[in-house]
Amino acid sequence: MDKVGDLKKLEEEMAADRGLPLFGQANLVFGEGSPDPKCMFIGEAPGFHEDQQKRPFVGRAGQLLRKLIAEVGWKEEEVYITNIVKRRPPENRDPLPEEIEAYKPYLTRQIEIIDPKVIAPLGRFSMNYFLPEAKISRDQGRVFRLNGRLIVPLYHPAAALRGTGVLEELKASFRKLPMIVKGEGLVMMPSATGTESKGVKTPPQAKLF
Ligand code: URA
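Take the sequence shown: its position 113, counting from 1, is numbered 1034 in my numbering, and each next residue is one higher.
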């Protein structure tokens, strides 16, 4: 089967999985975009508007995300947008660790099917899903290598709506994405095998020169 067919099958499987937390309480928001994206953006969980429309990032934060994508010269159809938890938590509360864990096998398969070269986790929860030791204020905009992919954590657009400083940093990181996707100007940092602290491994970083 092709990627589109595989994604459809995965979505149907998720929709029928009654064991998933939030099943029956909110709509499934699977994700949308190109099956061969320049970059796969991964947020936390759908909010009110996303639940209503069954589409990721369509509220205020989503409009900012889509504007930033356009500003770097990409069409929305050239990227893929999804979330780690694919149903809206009640009152938009933060996703619980057990929810993230329960949705993980599906996100893992979604990433395997799409096989993106670059993943941009949006916000702390999504960043820590890939990089458990990372700190958003320190590591946003940096480039990590993980399992053959480049991970570029970014501030969540909702955080950028709350403060102009964060917005400026988010914009600056966004401007680097096209070069990262093209693989231009990337060099490995000296610790090419990554670093380890208290048994937790932080993957190696690349940086733009
Ligand atoms: N915030 C997210 O993390 N995801 C969405 O889809 C919308 C808002």
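Just so you know, even glycine gets a beta-carbon here, dropped at the ideal spot from N, CA and C.
query                                                                                                                                    : result
Could you check if alanine 966 belongs to the surroundings of the ligand URA, using beta carbon to heavy atom distance under 7 Å?        : yes
Quick check: the Cα distance between arginine 1070 and lysine 1038, rounded to an integer number of angstroms?                           : 5 Å
Is the region 1006 to 1024 touching the region 985 to 995, taking contact as three or more C-beta pairs under 8 Å?                       : no
Taking DSSP's pairing of strands, which residues face arginine 1066 in a bridge?                                                         : Leu1071
Runs of 3 residues minimum, wholly inside the region 1002 to 1082: which ones carry the beta strand (DSSP E) assignment?                 : 1039 to 1042, 1064 to 1067 and 1070 to 1072
Quick check: alanine 947 and aspartate 927, are their CB atoms within less than 8 Å of each other?                                       : no
Is the closest heavy atom of the ligand URA to the C-beta of phenylalanine 1051 under 7 Å?                                               : no
Which residue from Gly940, Gln1031, Ala966 and Leu1052 puts its Cα closest to that of proline 1078?                                      : Ala966
Starting from glutamine 1126, follow its DSSP beta bridges and name the residues at the other end.                                       : Phe1065
Let me check you understand the geometry: is the CB of alanine 1080 closer than 7 Å to at least one non-hydrogen atom of the ligand URA? : no
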